[in-house]
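Number of protein chains: 2
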Amino acid sequence: MPPGRSRRANMVRSEFDLIRRLQAQAAQPDPHVFKGIGDDTAIIKTSSTEWTLITTDLLAEGVHFDPATSSFRDIGYRAAIANLSDIAAMGGTPRFMLVSIAIPPTCSTTEIQELYRGMMQAGSPYDVRLIGGDTSASQQGLFLNITLTGVVKPRQALLRSGAREGDRLYVTGTLGDSRAGLDLLKSRQRPKLRPADARFLLARHHRPSARIAEGQWLVKHGLAGAAIDLSDGLTGDLRHICEESAVGAEIIADALPLSPACRAYAAARRLDARQIALQGGEDYELLFTVPRSKHVRFERLAGKTRFHFTCIGSITSKRLGLRLRAGTNTTQPLPVTSYEHFLKPA
Amino acid sequence: MPPGRSRRANMVRSEFDLIRRLQAQAAQPDPHVFKGIGDDTAIIKTSSTEWTLITTDLLAEGVHFDPATSSFRDIGYRAAIANLSDIAAMGGTPRFMLVSIAIPPTCSTTEIQELYRGMMQAGSPYDVRLIGGDTSASQQGLFLNITLTGVVKPRQALLRSGAREGDRLYVTGTLGDSRAGLDLLKSRQRPKLRPADARFLLARHHRPSARIAEGQWLVKHGLAGAAIDLSDGLTGDLRHICEESAVGAEIIADALPLSPACRAYAAARRLDARQIALQGGEDYELLFTVPRSKHVRFERLAGKTRFHFTCIGSITSKRLGLRLRAGTNTTQPLPVTSYEHFLKPA
Chain A
1 MPPGRSRRAN MVRSEFDLIR RLQAQAAQPD PHVFKGIGDD TAIIKTSSTE WTLITTDLLA
61 EGVHFDPATS SFRDIGYRAA IANLSDIAAM GGTPRFMLVS IAIPPTCSTT EIQELYRGMM
121 QAGSPYDVRL IGGDTSASQQ GLFLNITLTG VVKPRQALLR SGAREGDRLY VTGTLGDSRA
181 GLDLLKSRQR PKLRPADARF LLARHHRPSA RIAEGQWLVK HGLAGAAIDL SDGLTGDLRH
241 ICEESAVGAE IIADALPLSP ACRAYAAARR LDARQIALQG GEDYELLFTV PRSKHVRFER
301 LAGKTRFHFT CIGSITSKRL GLRLRAGTNT TQPLPVTSYE HFLKPA
Chain B
347 MPPGRSRRAN MVRSEFDLIR RLQAQAAQPD PHVFKGIGDD TAIIKTSSTE WTLITTDLLA
407 EGVHFDPATS SFRDIGYRAA IANLSDIAAM GGTPRFMLVS IAIPPTCSTT EIQELYRGMM
467 QAGSPYDVRL IGGDTSASQQ GLFLNITLTG VVKPRQALLR SGAREGDRLY VTGTLGDSRA
527 GLDLLKSRQR PKLRPADARF LLARHHRPSA RIAEGQWLVK HGLAGAAIDL SDGLTGDLRH
587 ICEESAVGAE IIADALPLSP ACRAYAAARR LDARQIALQG GEDYELLFTV PRSKHVRFER
647 LAGKTRFHFT CIGSITSKRL GLRLRAGTNT TQPLPVTSYE HFLKPA
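So, in structure tokens, the structure goes:
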């Protein structure tokens, strides 16, 4: 069962439709909820000094992971990172994890232990505690649901809705590595790559990073307008910011941060690395905006950190939609399509 | 796909083993956690005036529900009740729900909408708000994970570990109805029953109650020593109380509260209704203990409520284990086995 990327992409569309419809149904205001459905996490006003973040992710075998190409420890690790990354996108501090798991007859106890080890390993730098969960049988396929809580100071969380025209658009790290790593795993004929490059891409796929420290730093200095984590791919996730903030955006193709390994992979496969960066999912990097008035301070302060930030474009007016600047003076609309449909030789 | 009860029973055993092992692994103390794994919900010390309860349940098609015998609205309703019941067992007030769902290609959007309607309907008496979730594709089978939060005043939650020798053992409502209802759904040759009895049992299966008000009342008056909700069946869940409290227990078979419909069903099938009450799962009634010093006050106050409580036995010393008093002076050990293995004609 190869990970069904295009199937997932189709699913993603109806998922958004469905979630929106249900959101409308359930959208009664509540004095204890600062943010419900529609951001990386919900925000509950639990006390006057600390608000609670809560997020949940359900991963299905054959859709989000494949035991044929990933170890159970890696599957657990990535599942935890997917949730930690949601907390990172809010600028929060992760706290508690609840893990539900539906186990098919084919899974051994050792494999399930490995899965938990991977999850705990991903959470351990942040002292994340496992405080609950549920275990069930599954007739077919392994299903893993993680619920993660976190905390943030009242009114300081980074929202998707905070982008304004004129903001600069930044990302952390490099983009497309995880996708290139997944392609390497899936491809029957592996492209010629230096072993170090292949190892790097596989590690970026199996062991992505959650940008917790970067999110907290943005909150601490009050530098970001909006933020989201890159799980579906840059164009898809940027669209969420644009929709929630009622703005447009322009990405500069040549500004996209690419690792040497991703460039080498694209070259070997005769692909455009920038397209992998635009469409590839599961980078778990942060995408955020910096308001015009804070550009200078951001650059000055960022220069003093160990963080890797890249300006990849800017926020425009809503009527311009989502656009890609490819050459010096040419921009084109940036469609949100699945990776496969979009991938063309460079 | 009939609900795999005996398979689930087998799963339950290894589930407990697994959870215990993982509990040991993850059991670092945390100043913010009052109770982690091992009770109906975890308890987080979120503020000085209110603690947060959090629970999660994963339901799998063919294991916990069967679209062939339940409507999607009923499936959603029961799934929400399973979680509400965990909050009830702590004496808490439910607050926020996060719903993850993995949807197989066979499911329509209308069916998923119905599922959500059922969940919202179960939560609406308590103003439970849907604040988040995740939607995914499933290659086979519908999977539904609900995370529910609630609140309770600091140190007031009812724990499994609070039972002491000499306590009386009580349950709410009647036992075995849900199991009899499920048997009715599954049986090819339906036993002869009055239509009203069949309707009652099916309703108790499809639309169980969460005993939120009863749990809150027990907390308000400080009457209960320990509590748990009945999801796996009376003997299985009582065993949890005994293990967490390091005590034994004796159940009086003739004291078990049985509905006329359940008695009629048992008579028609030539079964012992008391066995259905002992072994049948998913009642979602509360099982709780009342300390010796509070018996009198409990009975006096309970008499003034609309609640239905029945004393079904008492807490004994650990070395006596779990026993059933069947006649006047005979007790026998009460094994925890799956329903099917235990069911004998009366």
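First to last, the sequence lines map onto chains A and B.
Numbering follows the numbering used here, in which position 14 of the first sequence is assigned residue number 14; successive positions increment by one, without gaps.
Position in the second sequence counted from 1, then plus 346, gives you the numbering used here.
A virtual CB, placed ideally from N, CA and C, is assigned to each residue, including glycine.
Item checked: Assigned secondary structure, Arg514 (chain B) (DSSP; H/G/I helix, E/B strand, else coil) -> Here residue 514 (chain B) is taken as the residue at index 168 of the second sequence, counted from 1. Looking at Arg514 (chain B) - three-state DSSP - the assignment turns out to be strand.
Notebook entry, point to check: Excluding sequence positions up to five away, which residues of its chain have a Cβ less than 7 angstroms from the Cβ of Leu539 (chain B)?
Noted result: Here residue 539 (chain B) corresponds to residue number 193 of the second sequence, with the count starting at 1. Cβ neighbours of Leu539 (chain B) within its own chain (closer than 7 angstroms, five residues either side excluded): Ala610, Tyr611, Ala614.
Check: beta strand (DSSP E) containing Ile43 (chain A): first to last residue?
Finding: The residue you call residue 43 (chain A) lines up with position 43 of the first sequence. Where Ile43 (chain A) is concerned, the enclosing beta strand (DSSP E) stretches over 42-44.
Item checked: Residues of its chain near Arg211 (chain A), where Cβ-Cβ distance is below 6 angstroms and the 5 sequence neighbours each way are ignored -> Locating residue 211 (chain A) in the first sequence gives position 211, counting from the first residue. So the list reads Ala88, Thr172, Leu286, once near-sequence residues are dropped.
Item checked: Beta-carbon neighbours of Gln28 (chain A), restricted to chain B and to distances below 7 angstroms -> Taking the first residue of the first sequence as position 1, residue 28 (chain A) is located at position 28. Near Gln28 (chain A) (Cβ distances below 7 angstroms), the residues of chain B are Arg475.
Next item on the list: In angstroms with no decimal places, state the Cα-to-Cα distance between Arg441 (chain B) and Lys566 (chain B).
Entry: In the second sequence, residue 441 (chain B) corresponds to position 95, counting from 1. In the second sequence, residue 566 (chain B) corresponds to position 220, counting from 1. So the two alpha carbons sit approximately 18 angstroms from each other.
Note to self: Counting C-beta neighbours from all protein chains within 10 Å, is the total for Gln374 (chain B) 16 or more, i.e. buried, or is it exposed?
What the structure shows: One-based indexing of the second sequence puts residue 374 (chain B) at position 28. The C-beta of Gln374 (chain B) has fewer than 16 other C-beta atoms within 10 Å across all chains shown, which makes the residue exposed.
Note to self: So with CB distances below 8 angstroms, who are the chain A contacts of Gly478 (chain B)?
What the structure shows: Within the second sequence, residue 478 (chain B) is the residue found at index 132, counting from 1. Gly36, Ile37, Thr41, Ala42, Ile54, Thr55, Thr56, listed in chain order.
Notebook entry, point to check: Under a Cβ-count criterion, where at least 16 other Cβ atoms within 10 Å of its own Cβ denotes burial, should Gly303 (chain A) be classed as buried or exposed?
Noted result: For the purposes of this step, residue 303 (chain A) is taken as residue 303 along the first sequence, with counting starting at 1. When all chains shown are included, Gly303 (chain A) counts as exposed.
Next item on the list: Using three-state DSSP, classify His341 (chain A) as helix, strand or coil.
Entry: Position 341 of the first sequence, counted from the start, is the residue given in the question as residue 341 (chain A). With a pLDDT of only 33 at His341 (chain A), under 50, the local geometry of the prediction cannot be trusted, and the value read off the model is given with reservation. His341 (chain A): helix per DSSP, three-state reduction.
Check: Three or more C-beta pairs closer than 8 angstroms, one from the segment 61-75 of chain A and one from the segment 188-202 of chain A: is that the case here?
Finding: no
Notebook entry, point to check: In chain order, what residues of the same chain have a beta carbon less than 6 angstroms from the beta carbon of Arg525 (chain B), not counting five sequence neighbours either side?
Noted result: Here residue 525 (chain B) is taken as the residue at index 179 of the second sequence, counted from 1. Excluding sequence neighbours, Arg525 (chain B) sits near Ile622, Gly626.
Notebook entry, point to check: Would you say Ile81 (chain A) and Pro195 (chain A) are within 7 angstroms of each other, going by their C-beta atoms?
Noted result: Taking the first residue of the first sequence as position 1, residue 81 (chain A) is located at position 81. Taking the first residue of the first sequence as position 1, residue 195 (chain A) is located at position 195. Contact: no.
Margin query: Going by C-alpha to C-alpha distance, which of B:Leu647, B:Pro606, B:Leu584, B:Ser660 sits closest to Glu596 (chain B)?
Written below: Residue mapping note: residue 596 (chain B) aligns to position 250 of the second sequence, counting from 1. That would be B:Ser660, whose Cα lies nearest to the Cα of Glu596 (chain B).
Note to self: Taking only three categories from DSSP, how would you classify Met1 (chain A)?
What the structure shows: Here the question's residue 1 (chain A) lines up with position 1 in the first sequence. Because the pLDDT at Met1 (chain A) is just 29, under 50, the model does not fix this residue reliably, and the value given afterwards should be weighed accordingly. Coil.
Checklist line | Cutoff 7 angstroms: Leu230 (chain A) Cβ touching any chain B Cβ | finding: Your numbering for residue 230 (chain A) matches position 230 in the first sequence. No, Leu230 (chain A) lies away from the interface with chain B (no Cβ there is under 7 angstroms from its Cβ).
Checklist line | Beta-carbon proximity check, Glu407 (chain B) vs Gly479 (chain B), cutoff 7 angstroms | finding: Position 61 of the second sequence, counted from the first residue, corresponds to residue 407 (chain B). Position 133 of the second sequence, counted from the first residue, corresponds to residue 479 (chain B). Taking 7 angstroms as the Cβ cut-off, Glu407 (chain B) and Gly479 (chain B) do not qualify as a contacting pair.
Note to self: Please give the ranges of any beta strand (DSSP E) in the segment 571-648 of chain B, keeping only runs that are unbroken, at least 3 residues long and fully inside the region.
What the structure shows: 573-575, 594-598, 632-636
Item checked: Within-7 angstroms CB hit, Gly91 (chain A) to chain B -> Position 91 of the first sequence, counted from the start, is the residue given in the question as residue 91 (chain A). For Gly91 (chain A), the answer is no, since every Cβ of chain B falls outside 7 angstroms of its Cβ.
Notebook entry, point to check: Using 8 angstroms as the threshold, is the segment 442-457 of chain B in touch with the segment 489-499 of chain B, meaning 3 or more CB pairs across them?
Noted result: yes
Check: Nearest-angstrom Cα distance between Ala122 (chain A) and Gln678 (chain B)?
Finding: Locating residue 122 (chain A) in the first sequence gives position 122, where the first residue counts as 1. Locating residue 678 (chain B) in the second sequence gives position 332, where the first residue counts as 1. When rounded, the distance between both Cα atoms is 49 angstroms.
Notebook entry, point to check: So, using beta-carbon positions, are Ile477 (chain B) and Gly36 (chain A) closer together than 7 angstroms?
Noted result: Position 131 of the second sequence, counting from 1, holds the residue named residue 477 (chain B). Position 36 of the first sequence, counting from 1, holds the residue named residue 36 (chain A). Contact: yes.
Notebook entry, point to check: By the criterion of Cβ-Cβ separation under 8 angstroms, what are the contact partners of Val33 (chain A) in chain B?
Noted result: Within the first sequence, the letter at position 33 stands for residue 33 (chain A). Result: Phe442, Arg475, Ile477.
Notebook entry, point to check: Under a Cβ-count criterion, where at least 16 other Cβ atoms within 10 Å of its own Cβ denotes burial, should Arg239 (chain A) be classed as buried or exposed?
Noted result: Taking the first sequence and counting its residues from 1, one reaches residue 239 (chain A) at position 239. When all chains shown are included, Arg239 (chain A) counts as buried.
Next item on the list: Determine, using beta carbons only, whether Val63 (chain A) comes closer than 7 angstroms to chain B.
Entry: In the first sequence, counting from the first residue as 1, residue 63 (chain A) sits at position 63. With 7 angstroms as the cut-off, Val63 (chain A) counts as an interface residue toward chain B.
Next item on the list: Just tell me which of B:Cys453, B:Lys499, B:Tyr472 has its CA closest to the CA of Ser482 (chain B).
Entry: Counting from 1 along the second sequence, the entry for residue 482 (chain B) is found at position 136. Scanning B:Cys453, B:Lys499, B:Tyr472 for the CA closest to the CA of Ser482 (chain B) turns up B:Cys453.
Next item on the list: Would you tell me roughly how many angstroms separate the C-alpha atoms of Thr93 (chain A) and Ser85 (chain A), rounded to the nearest one?
Entry: Walking along the first sequence from the start, residue 93 (chain A) turns up at place 93. Walking along the first sequence from the start, residue 85 (chain A) turns up at place 85. So the alpha carbons of these two residues sit roughly 11 angstroms apart.
Note to self: Taking 7 angstroms as the threshold (C-beta atoms), are Asp39 (chain A) and Leu175 (chain A) in contact?
What the structure shows: Here residue 175 (chain A) corresponds to residue number 175 of the first sequence, with the count starting at 1. Here residue 39 (chain A) corresponds to residue number 39 of the first sequence, with the count starting at 1. Result no, Cβ atoms of Leu175 (chain A) and Asp39 (chain A) do not sit closer than 7 angstroms.
Next item on the list: For the segment 489-552 of chain B, list the beta strand (DSSP E) runs that are entirely contained and at least 3 residues long, ordered along the chain.
Entry: 489-498, 514-518
Notebook entry, point to check: Would DSSP call Val474 (chain B) helix, strand or coil?
Noted result: Sequence index remark: in the second sequence, residue 474 (chain B) carries index 128 (1-based). Looking at Val474 (chain B) - three-state DSSP - the assignment turns out to be coil, as it is neither helix nor strand.
Check: Among A:Ser245, A:Ala213, A:Ile54, which one has its Cα closest to the Cα of Pro125 (chain A)?
Finding: As a first step, residue 125 (chain A) is located in the first sequence; it is residue number 125 there, counting from the start. For Pro125 (chain A), the nearest C-alpha among the options comes from A:Ala213.
Margin query: Give me, in chain order, the residues of the same chain whose beta-carbon lies closer than 8 angstroms to that of Thr765 (chain B); leave out the 5 immediate sequence neighbours on both sides.
Written below: Residue 765 (chain B) falls outside the range modelled here, since chain B spans only 347 to 692, and no answer is possible.
Checklist line | Those residues which DSSP pairs with Met436 (chain B) across a bridge | finding: Taking the first residue of the second sequence as 1, we reach residue 436 (chain B) at position 90. DSSP lists no partner for Met436 (chain B).
Item checked: Opposing strand residues paired with Glu396 (chain B) [DSSP bridges] -> Here residue 396 (chain B) corresponds to residue number 50 of the second sequence, with the count starting at 1. For Glu396 (chain B), which the question treats as bridged, DSSP gives no partner whatsoever.
Margin query: On the CB-based measure, 16 or more other CB atoms within 10 Å of its CB, does Thr109 (chain A) come out buried or exposed?
Written below: Within the first sequence, residue 109 (chain A) is the residue found at index 109, counting from 1. Label assigned to Thr109 (chain A): exposed.
Checklist line | Strand pairing of Ala137 (chain A), partner residues [DSSP] | finding: Residue numbering aside, residue 137 (chain A) sits at position 137 when the first sequence is read from its first letter. Under DSSP, Ala137 (chain A) forms a beta bridge with A:Ile103.
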